[in-house]
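Numbering (the numbering used here), first residue to last: 39 to 188.
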């Protein structure tokens, strides 16, 4: 019983001491409350909007803002740059003389992306394109190097 009484008296004493500190906080809050001067609304309305707004089909047409002196004319030449990209061929399966490449079945003598399937082996095929031979294989290359200890 004595312990409860001493703790309650101690608690009341601490709360009385802290009441002065809380009054100091209240004074500081009252000092902050008055409205502080800022920028006038007329100045804010004259500032350019920093955000880009999209139109229905993308960005606003900026071509109107480009001046003629910034446009550079390109001279035409008689040479053309031709880039030809071959699609990646993925050999998935070989059954007898039929092969599954990129999800489609082909036989010997068929063309795939302009390349002729000339020979079919157990794990690979030979493709001809303009006299050049290339090989597609099912086996994956292993890059792990194995060293023997002596």
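C-beta: ideal position from N, C-alpha, C; glycine also.
These numbers were taken from a predicted model, which means no experiment stands behind them.
{"Query": "Looking at residue 176 and residue 129, is the spacing between their C-beta atoms short of 7 Å?", "Result": "yes"}
{"Query": "Kindly indicate which three-state DSSP category residue 27 falls into: helix, strand or coil?", "Result": "Outside the shown range of the chain, which is 39 to 188, sits residue 27, and nothing can be said about it."}
{"Query": "Using the C-alpha atoms, what's the distance from residue 76 back to residue 69?", "Result": "17 Å"}
{"Query": "Within the stretch 121 to 184, note down every full beta strand (DSSP E) run reaching 3 residues or more, in order along the chain.", "Result": "129 to 133, 136 to 139, 142 to 144, 153 to 158, 162 to 167, 170 to 175"}
{"Query": "Please confirm if residue 60 has its CB atom under 7 Å from at least one CB of chain B.", "Result": "The displayed structure is made up of one protein chain only, and chain B is not part of it."}
{"Query": "Do you know whose CA, among 65, 133, 139, lies nearest residue 160's CA?", "Result": "133"}
{"Query": "Rounded to whole angstroms, what's the CA-CA distance from residue 148 to residue 155? Just pull it up for me.", "Result": "6 Å"}
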